[in-house]
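Quick mapping for you: the protein sequence lines, in order, are chains V and G. Going from the first sequence to the numbering used here is simple: count from 1 and add 23. Going from the second sequence to the numbering used here is simple: count from 1 and add 13. Think of the CB as a built atom: it goes at the ideal place given N, C-alpha and C, for glycine as much as any other residue. Just so we're clear, the structure is a prediction, and the values are computed from it rather than from any experiment.
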Amino acid sequence: MNTPISQDDLHAYADGRLDGVRLTQVETWLAAHPEHRADVEEWRAQSASLHRGYDRVLDEPLPARLLPPANAPRWIELRKLAAVAWVALGAMIGFAVRDQTLPTPDKVAAASLPRQAAIAHAVFVPEVRHPVEVGADQEAHLVAWLSKRLGAPLKAPQLDLAGYALVGGRLLAGDGGEVAQFMYENAEKKRLTLYVRREAPKAADTAFRYAKENGIDVFYWTDSRFGYALSGSTGREDMLRLGSLVYRQFGT
Amino acid sequence: MSHRDAIIAEIPRLRRYARALTGDGHRADDLVQDTLERALEKWRLWQQERELRPWLFSIMHNLHVDGRRRDHRVDYRGDDDLPLPAQRASQQDALELRDLDRALALLPQEQREVLLLVALEELSYAEVARTLNIPQGTVMSRLSRARARFKLLLAGEAPPLLKVVSP
C-alpha cells in the first residue's frame with residue numbers, strides 16, 4: 024500500500040499508533056517535510072504536558088466516598104457478615120470471660136482492617152506505571168516520610184529471602200487517618216502489599232489472623248502502635264509463610 | 014478478580030480523566046462517583062467482550078453531557094470527603110496546571126474529550142470512537158482541530174471565540 028500521507032497518518036504517527044511499512048513511509052515523508060515534523064513534535068509536547076499536569080491525580084489518595092462504591096450489594100453483604108461475625112465473637116468472648124469485658128469499639132474497628140487492606144491492594148496492584156508514590160530506590164526517604172505522616176517510626180520489612188523485592192510505598196486515606204502501603208514484587212511479577220495504619224495505644228491484640236476478602240488472602244495483626252495487613256493472591260499457604268516472615272520482623 | 018475489583022482498579026484513571034475534563038477536583042470526583050454507581054447498576058448489561066476502560070469512559074461521557082445540560086446539583090459532600098491536596102506540587106507545576114485547565118476549558122467540549130482520550134488516556138482511535146459513539150473519521154477530524162486549537166490556546170494566541178476551521 025502506498026497511499027499518500029494524510030493528516031490522520033501524522034496523528035497516528037505522533038501517537039505511536041503506526042507500525043511496519045506505514046511507519047517507515049511516514050518517517051521518510053516527514054524527513055522531507057520539516058514543517059509537518061514540527062506539527063508532530065508539537066502534538067507530542069501537548070501530550071507530555073497533559074501527563075505532567077494530570078498524572079499526579081493517579082497518585083492521590085482515593086477519597087473515601089469513592090471506596091467502596093455506593094450501592095454495591097457485595098459490600099453490604101460483607102458488612103453484614105462482619106457484623107454477624109462480631110456479634111458471634113462477642114458472644115464467645117462474653118461466654119469465655121463472663122463479666123470481665125465486652126468487645127470494645129477498638130476491636131470492632133479492627134474488623135475493617137483486612138477489608139480496607141484488600142481494597143487498597145486491589146486498587147494499586149494492577150497499576151503498571153504508578154504502583155507506588157516513592158520507589159524502593161529512595162527507601163530511606165520513603166520510610167522517613169511514611170513514619171512522619173503516621174506519627175510513629177515505621178520500617179519496611181525485608182522479604183528478599185522469600186523472593187520479594189520492595190517496589191516502594193504510598194500514602195492512602197483510611198477511615199481513621201492516613202495509612203501507609205508498601206508494595207513488593209517477585210520475579211514472576213506477583214505483588215504483595217503491606218497495609219499499615221495507626222492503632223490506638225491501648226489496643227494490644229497481637230493475634231495473627233486470616234481473612235479472605237474478595238478473593239484476596241489477608242493476614243493481619245496489631246501491635247501497640249500499628250495495625251498491619253499483608254495482602255496477596257498467591258494462595259493461603261504461601262501468604263501464611265510470607266505473613267509470618269513480616270510478623271516476625273515487627274515482633275518486639 | 015471480581016468485577017468490582019476490576020472497576021475499583023480503574024478509579025485512578027477515571028479520576029485523572031474527570032479532573033482534566035471538568036477542570037475541578039470536586040466536580041471530577043462527583044462525576045467519578047456517579048460513573049461508578051452507574052457502572053455497578055449496569056454491570057449485567059455490559060458485554061464482556063468490550064474492554065472495561067472504554068466502557069467506563071463512555072458512561073462518564075454520557076453523564077458528563079447530561080450533567081452539562083442540567084448543570085446544577087446539590088452539593089452533599091462532607092468535609093472528610095474532600096481529597097487531600099496533591100503532594101509535591103510546586104509553584105511551577107501549579108502554574109502549568111492552571112494554564113492547562115484554562116486552555117482545556119476554552120476548547121469545545123467535543124474536541125476536549127477527544128484530545129484527552131487520545132493524548133492523556135492513550136485510548137486507540139477505535140476505542141475513542143466507541144467511547145463517544147461517533148465514527149472514527151469524526152474522531153480524527155476533532156483530534157486534528159483540537160490539537161491545532163490547543164496549540165494556540167497554550168500559546169495565548171487564540172481569542173476565546175475564534176472558530177478554527179479544519180484544513
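Range covered by the alpha helix (DSSP H) that runs through residue i
i: S254 of chain V; result: Per DSSP, S254 of chain V belongs to no alpha helix (DSSP H); it is in the beta strand (DSSP E), F249 to G255.
i: D38 of chain V; result: Run containing D38 of chain V: none; DSSP gives neither H nor E here.
i: Y77 of chain V; result: P57 to Y77
i: V23 of chain V; result: Missing from the structure shown is residue 23 of chain V; chain V here goes from 24 to 275 and no further.
i: R193 of chain V; result: No alpha helix (DSSP H) holds R193 of chain V; the beta strand (DSSP E) holding it covers A188 to G197.
i: A22 of chain G; result: H16 to A22
i: Q181 of chain V; result: No alpha helix (DSSP H) contains Q181 of chain V, which DSSP labels as neither H nor E.
i: R125 of chain G; result: Q122 to L128
Residue i - DSSP class collapsed to helix/strand/coil
i: D37 of chain G; result: coil
i: F205 of chain V; result: strand
i: I147 of chain G; result: coil
i: G169 of chain G; result: coil
i: F273 of chain V; result: helix
i: A175 of chain V; result: coil
i: Y218 of chain V; result: strand
i: G266 of chain V; result: helix
i: D32 of chain V; result: helix
i: G80 of chain G; result: helix
i: V157 of chain V; result: strand
i: P98 of chain G; result: Low confidence applies to P98 of chain G: its pLDDT is 43, below 50, so where it sits in the model is not reliable enough to give any reading.
i: R160 of chain G; result: helix
Cβ distance (whole Å) where residue i is taken to contact residue j below 8 Å
i: L130 of chain G; j: T144 of chain G; result: 6 Å
i: L89 of chain V; j: V63 of chain V; result: At roughly 37 Å, the Cβ-Cβ gap does not stay under 8 Å, so L89 of chain V and V63 of chain V are not in contact.
i: L113 of chain G; j: S72 of chain V; result: 7 Å
i: L173 of chain V; j: A203 of chain V; result: 6 Å
i: E216 of chain V; j: H144 of chain V; result: It is worth fixing the name first, because residue 216 of chain V is Thr in this sequence and not Glu. 5 Å between Cβ atoms; contact.
i: R29 of chain G; j: V80 of chain V; result: 4 Å
i: G76 of chain V; j: E109 of chain G; result: 6 Å
i: V155 of chain V; j: V190 of chain V; result: 5 Å
i: A87 of chain V; j: A196 of chain V; result: 6 Å
i: V45 of chain G; j: I24 of chain G; result: 7 Å
i: L241 of chain G; j: L120 of chain G; result: Because chain G in this structure spans residues 14 to 180, residue 241 of chain G falls outside the shown range and cannot be described.
Check whether residue i and residue j have beta carbons under 8 Å apart
i: P148 of chain G; j: A142 of chain G; result: yes
i: I20 of chain G; j: L49 of chain G; result: yes
i: L268 of chain V; j: A185 of chain V; result: yes
i: Y243 of chain V; j: L169 of chain V; result: no
i: S256 of chain V; j: G238 of chain V; result: yes
i: W66 of chain V; j: R160 of chain G; result: yes
i: A188 of chain V; j: Y207 of chain V; result: yes
i: F163 of chain G; j: Q69 of chain V; result: yes
i: D82 of chain V; j: R193 of chain V; result: yes
i: F249 of chain V; j: P180 of chain V; result: no
i: G258 of chain V; j: D246 of chain V; result: no
i: Q122 of chain G; j: R158 of chain G; result: no
i: R32 of chain G; j: A41 of chain G; result: yes
i: L117 of chain G; j: G169 of chain G; result: no
i: P67 of chain G; j: L136 of chain G; result: yes
i: H77 of chain G; j: L34 of chain G; result: yes
i: I28 of chain V; j: V49 of chain V; result: yes
First through last residue of the beta strand (DSSP E) which encompasses residue i
i: E236 of chain V; result: R232 to E236
i: I239 of chain V; result: I239 to T245
Residue-chain proximity (residue i, chain B), Cβ-Cβ < 8 Å
i: A145 of chain V; result: The chain inventory of the structure shown lacks chain B, comprising the protein chains V and G.
### Query
Which of the residues in the stretch 112–137 of chain G, read from start to end, lie with their CB under 9 Å from any CB of chain V?
D112, L113, D114, L117, L128, L129, V131, A132, L133, E135 and S137
### Task
With 8 Å as the C-beta to C-beta threshold (strictly closer), list the residues of the stretch 28–60 of chain V near chain G in chain order.
Q30, D31, H34, A35, D38 and R40
### Message
Any C-beta of chain V within less than 7 Å: which residues of the stretch 155–171 of chain G qualify?
### Response
L156, S157, R160, F163 and K164
### Short-range partners of chain G found in the stretch 261–272 of chain V, where Cβ spacing is below 9 Å
none
### Query
Looking at chain G, which residues of the stretch 60–74 of chain V have a Cβ within less than 7 Å of any of its Cβ atoms?
E65, W66, Q69, S70, S72, L73 and H74
### Query
Using a beta-carbon distance cut-off of less than 9 Å, what residues from the stretch 77–89 of chain V approach chain G?
Y77, D78, R79, V80, L81, D82, E83, P84, L85, P86, A87, R88 and L89
#### Entry: Residues, ordered as in the chain, of the stretch 28–52 of chain G that lie near chain V by beta-carbon distance below 7 Å
R28, R29, R32, A33, D42, V45, Q46, L49 and E50
### Task
Report the residues of the stretch 147–160 of chain V with a CB closer than 9 Å to any CB of chain G, ordered along the chain.
F147, V148, P149, E150, H153 and E156
### Message
Tell me which residues of the stretch 236–253 of chain V have at least one Cβ-Cβ distance to chain G shorter than 7 Å, keeping chain order.
### Response
N237 and G238
### Query
Along the stretch 65–80 of chain G, what residues have a CB closer than 9 Å to any CB found in chain V?
none
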